[in-house]
Amino acid sequence: MVDRVLAALEGSGVGEIRAVTSPQAPATSAHLRERGVERIAAPGEGYVADLTYALDRVSTPALTVAADLPLLDAAAVDRVLNARRGSLAVYVPAALKSALGVSYDRSTERDGRSVVPAGVNVVADDADEIRISYDARYAVNVNRRADAAVAERLLGRTEDEDGS
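When you read off a place in the sequence shown, starting at 1, and then add 1425, the result is the number in this note's numbering.
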């Protein structure tokens, strides 16, 4: 899955790519090293803590992308980059995640809708702008086996439609 996200980033307008790694996932770190990806070795204290650790070590603005977004592609990454004016947080409606059949642990209310963070953000020095997207490329993240099955089904459909 990390290779799909890397391909999306490599095909986009992103300048530098760095991966935040955890001692909890040594095989992933080794794979990234073999791919020649610059890594930031975080302490492995959880997603938010490790992301904060990494952000303290890079300049802003910085695009952050969770590695569990298998539908993400270069066009979706560029869409975020082109939409931002400063900090940007992408959310998807909880109803979209439910309709797609993917899980989420919690939602929040934004503009009168129940939404879920997408795992794609631009971190800058100003306050977050919130964007709510109905794009499945941001909505499908894999946290459970059932999510992986949904992603595989949607990827198969996308590849079939593309003629790939």
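Idealized CB from N, CA, C, for every residue including glycine.
Who are residue i's beta bridge partners in DSSP?
i       : result
ASN1546 : THR1489, ALA1514
SER1539 : GLU1534
LEU1446 : It should be pointed out that residue 1446 corresponds to Thr in this sequence rather than to Leu. Answer is ALA1466.
ARG1578 : Answer is none; ARG1578 lacks a bridge partner.
GLU1554 : LEU1513
Could you check whether residue j and residue i sit closer than 9 Å to each other, using their CB atoms as the reference points?
i       : j       : result
VAL1527 : ALA1576 : yes
ALA1564 : LEU1496 : yes
LEU1494 : SER1437 : no
ILE1465 : VAL1517 : no
VAL1430 : ALA1492 : yes
ALA1561 : LEU1525 : yes
VAL1490 : ALA1433 : yes
ALA1519 : SER1532 : yes
LEU1457 : VAL1545 : no
ARG1504 : PRO1486 : no
ARG1443 : VAL1502 : no
GLU1463 : GLU1441 : yes
MET1426 : VAL1567 : yes
LEU1521 : TYR1472 : no
Which whole-angstrom value is the C-beta distance of residue i and residue j, which I expect to be below 8 Å?
i       : j       : result
SER1523 : GLU1554 : Rounded, the Cβ-Cβ distance is 25 Å, inconsistent with contact.
SER1454 : ASP1475 : Incorrect: roughly 12 Å between the Cβ atoms, too far for contact.
ALA1467 : VAL1439 : So it is not a contact: roughly 20 Å between Cβ atoms.
Start and end of the alpha helix (DSSP H) containing residue i?
i       : result
GLU1441 : First-last for GLU1441: undefined, no H or E at that position.
ARG1504 : 1499–1508
SER1454 : 1451–1460
ASP1475 : 1472–1480
LEU1496 : Neither: LEU1496 is in no alpha helix (DSSP H) and is coded neither H nor E.
ARG1569 : Note, ARG1569: premise wrong, no alpha helix (DSSP H); not H, not E.
TYR1529 : Looking at the DSSP string, TYR1529 is not in any alpha helix (DSSP H), and its letter there is neither H nor E.
TYR1563 : 1561–1564
Using beta carbons (cut-off 9 Å, strictly below), is residue i in contact with chain B?
i       : result
ALA1450 : The structure shown contains no chain B; it holds only a single protein chain.
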